[in-house]
Amino acid sequence: MRRPVRVVLLMVLLALAVVLPATPAAAAVPGAPAGVTLTPAIDGFDFTITPPSNDGGSAVFAYRITYAGQTFDWPNTTGTLQVCYPPTTPTPTCPAPGSYSITVAAVNNDGAGPTVTSNTATSFSAPTAPAAPTATPTASGITVTWTAPSSDGGTPVLGYLVATGGVGRYLPAGTTSTTFDDLTPGTIAAFNVRAWNGQALGAASPASSAVTVPADRPIPRVAVLVRTSGTEFSARVRDLAGTNSLDLGTTGLAGTTPGFIEWSPDATKVAFARKTGANYTLVVADARTGASTSYPVPASILTGVAWSPDSGRIAYLAQDLTTIPTLRVLNLGNGATATVASDAAWAVSDLAWRPGTEEVALALFGDSVVLVRADTGAQNPVAVAAFGVRFTSDGATMLTHGASGANGVISRVALPAETVTPVTTVTGATICDVDLTDDDSTVAFSSGPGSSCDAIARVALTGGAVTDLTPTGVSGALPGVPEELADRQYTTVSVSPYGDRVAAPSCSGGGCTVPAEVLAMDGSGSWLGARNEDIWRIELPPASDVVTSRFVPAIPTRWFDTRVAPAPTGVVAATTSIDVAIGGVGGVPANATAVVLNVTAAAPSAKGFLTVWPTGAPRPLASSVNFAAGQNTPNLVTVPIGADGSVSFYAHVDSHIVVDVVGWYEPAATAQAGRFVSLTPSRLFDTRDTTAIAADGTRTVDVTGSAGVPASGVAAVVMNVASTGAPAKGSVTVYAGDASRPGTANLNTAVGETVSNLVIAPVGADGTVAFYSSAGTHLVVDVTGYITDATSASSDAGLFVPLTAFRAFDTRTAPAPVGVVGTTPISVDLAGLYLVPDSASAVAVNITGIQATAKGFVTAWPSGLSQPLASTLNLAGPGATRGNAAMLALGGDGALALITQNGAHLTGDVAGWFTS
């Protein structure tokens, strides 16, 4: 019997229902993120994404972000979006500053879910311009005050730039005033102020009202020869009023032959002749402490002396009736005297050292001038009648005074052309002495009929009218001083540092019955100072008195890299040098006295060194960076800036050079901010006691209140930072703990080596310093001092005097100490050596370990104290040579103590000293 069709169909359908698979569920994307937050950050924005509550059944592996019209996938819930600030040109992926929001969708294997939009955030901007500052003349300069900008640009103000013309200074946040005490007197100045934050330097404020820089400068201390009895003279340095007199000893020169007393160009020393029995000595005395050294000379040296421009050598003419006149040069660095040249025909009446050269000019008693090279003895006669000779500060013009018949003549001689041009002629008179103002604009001279020298006058170096400065009396007579000074003998004249005064003794015949005079250079004839005593010589110091400077820290900035444009580019070839302009460039002000650089020798072809020095000066016997073949090696270098605003770099072997500016020194007689306070080296931290810094990791450390650093008043800290145990090549960057990391490095790490570098690191407002490692490393950090901030008391202590680096000691050669330095400390006296005075409190020195016996360290510290737990320098192994900069306090005896862990020779190159 057949079954009904409907039953069969039903059975087929049931069978099919058994074998057909189930229909899959619909695809599920994630839900919308629970939230998105956008916050401004340096150079862009930071974002934070809260994941969706529903991932759609499949894990979320990315977030699809749309920012400024561009869409991309991001793997994390946090990140940074870039903004391109001028002068960088914006791109689609790096838009211009402004207000932005972002949309975000979560993404899983099934696709992107719904979007959510963040808040709108505005990128940081530069601070607004402060209101016009106020400039007020004071006794010490011009004080500028200002108020904070109305807007900080969204991130705190970090400091201010205050400037006038080409002179400026950077000051930390919170500062509202500063005093400029280094501007040219009589000039007119207006000031503006710019604020900066972590993002940018803001616009300049409107200018202050224009004010005149005070022209009234105090007269500095003077050097005098005073006749203390009928037959004896005493050398003294003192205030013009006669107070605070420093007695340097007697000359032994009897009667009316006082001799000479001459300031060094740096105004730290004076030189005079002393006679004991039949023997002469040259006495060189510290003008601040009175400490002196006597150097025997073979004959009379009453002609005087000529100081070298760097104050390191003295040329003198030894001559008497029984010896051939001989030019000799005394080197104050080692005490050695070199015989330069001699000539029986010489009758020398005066001598002077030509700035910027090795030439010493000898005036041959009215006949001519001969230029003698101090290094070779080579002679060049110049046809100009001269009893006396001087030079302009650049050495390009020689000033002479001589005679033409019965008339006195002052002439200028252009060099090297030797073109003679009369400056002025005094009819029927003798020119007795001349001096130049330090700006080379004006000649002061004394003259008189016959052998008399009873008049003082001035004239422009270019010639023209003569202004008589001779006083006719005393306005408000001093006790014992006659109203009319009818009988004067101005045998010598000396111009004050700023050219506003001229000093001269008033000795007449066999005595000095009238006082020395210090007269106005403006022609008013006013009597500005006098002493009623037998002053036979009075000398005002040069304007190149020691210039003290304060440190101005900077955000580390790449100055140049010879591996990439802009110039200078290309390997610096072996035994060659490059000169690179820095003064007034890249934030370094035009009046900066020295610049602090992190100098790296990159990919050197062999073991060698770099030397850095001020352009225009001879390359010193000193090293700035020592390196091994192929090894990138940095070192902190402090170097004066050359007269043309440049710094020179010498490569011993082929090498690239990379230089970052970390700060500079600018002139300051006193300062609150920028003074160096030296400390006994003390360990801040050693990560070997805890854990290493990870690759691409940062360790932030409290510095204030630790290792001798006070809790406040600190702008920067001076540290020796050593890397050890690095797993790979990398770099370490040290910066303020509350600031963004700069794009520069302080030292380069190496596998299996301990390397170190001196670091001057800004301290964050919270008292912290951050240490970043690109490859991971242990760090050992020792503090040697700190830099004061604007909240510190004003003082003249801790100011810096830069020097062209010179070799202060070398244990491979005499003088002592000589020999390999081991675990027994040696003491090296630095204060009172060459250009470092006994009063120096600390030094900037590059210490180099040479021919190491084994891997180890070197420690330097103030002599007289116990050896600290600290290192100054690390040596890689046997035969290694490596240098490291240090800023170290000197012991009470003016010395440093040094030891090595396993033996090495040591050298020390001093780059400057700090005031006490």
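Residue numbers (this note's numbering): 12 to 927. All C-beta atoms in this analysis are idealised placements derived from N, C-alpha and C, irrespective of residue type, glycine included.
Here DSSP, grouped into helix, strand and coil, assigns D700 to helix. Beta bridge pairing from DSSP links K618 with no other residue.
Buried is the label assigned to K280, since at least 16 other Cβ atoms lie within 10 Å of its Cβ. Using a Cβ-Cβ distance cut-off of 8 Å, the segment 735-743 and the segment 808-815 are not in contact, since fewer than three pairs of beta carbons, one from each stretch, lie closer than that value. If you draw a straight line from the Cα of A865 to the Cα of S742, it is about 25 Å long.
Note on F687: 16 or more other CB atoms within 10 angstroms of its CB, so buried under the neighbour-count rule.
With a beta-carbon spacing of about 29 Å, V770 and V831 fall beyond the 8 Å limit used to define contacts. Beta-bridge analysis with DSSP links A733 to S767 and V791. Assignment of W318 by DSSP, reduced to helix, strand and coil, places it in the strand class. Exposed is the label assigned to V575, since fewer than 16 other Cβ atoms lie within 10 Å of its Cβ. For A349, the enclosing beta strand (DSSP E) starts and ends at T348 to S353. For F244, the enclosing beta strand (DSSP E) begins and ends at F244 to R249. Around the Cβ of P141, a 10 Å sphere holds 16 or more other Cβ atoms; the residue is buried.
The DSSP assignment places 884-886, 893-900 and 906-911 as complete runs of the beta strand (DSSP E) inside the segment 884-919, in order along the chain (cut-off: 3 residues). Within the same chain, A200 come within 8 Å of G176 by CB-CB distance, once the 5 residues on both sides are set aside.
Straight-line spacing of the CA atoms in S767 and M409 works out to 49 Å. Here the alpha carbon of F398 sits roughly 25 Å from the alpha carbon of T387. Going by DSSP, R238 is part of the beta strand (DSSP E) stretching over V233 to R238. Distance from G419 to A440 at the Cβ level is roughly 5 Å; contact confirmed, criterion being Cβ atoms closer than 8 Å. Of the other Cβ atoms in all chains shown, fewer than 16 fall within 10 Å of the Cβ of P217; this residue is therefore exposed.
If only complete runs of 3 or more residues are kept, the segment 89-135 shows the beta strand (DSSP E) at 89-93, 113-119 and 122-128, in order along the chain. By DSSP's assignment, I467 forms a beta bridge with S457. Close CB contacts of T304 within its chain, under the 7 Å cut and outside five residues either way in sequence, are with V295 (chain order). With a cut-off of 8 Å on Cβ pairs, the segment 857-873 is not in contact with the segment 777-792, counting fewer than three such pairs.
At the C-beta level, T626 and D572 stay beyond 8 Å of one another. Judged by beta-carbon spacing, L907 lies beyond the 8 Å limit of P879, meaning their Cβ atoms are not closer than that value. Rounded to whole angstroms, the gap between the alpha carbons of A819 and A417 is 53 Å.
If you draw a straight line from the Cα of D665 to the Cα of S616, it is about 5 Å long. Of the residues A214, G315 and T154, the one whose Cα lies closest to the Cα of T186 is T154. Using a 10 angstroms sphere on the CB of F191, the tally of other CB atoms reaches 16 or more, which defines it as buried.
Straight-line measurement puts the Cα of A349 at about 13 Å from the Cα of P307. Around the beta-carbon of N759, 16 or more other beta-carbon atoms lie within 10 Å, marking it buried.
T779 is not a Cβ neighbour of D800, given a cutoff of 8 Å. D840 and D849 have their C-alpha atoms roughly 10 Å apart. Taking C-alpha positions only, R232 is separated from A718 by approximately 40 Å. Annotated three-state conformation of A52 is strand, per DSSP.
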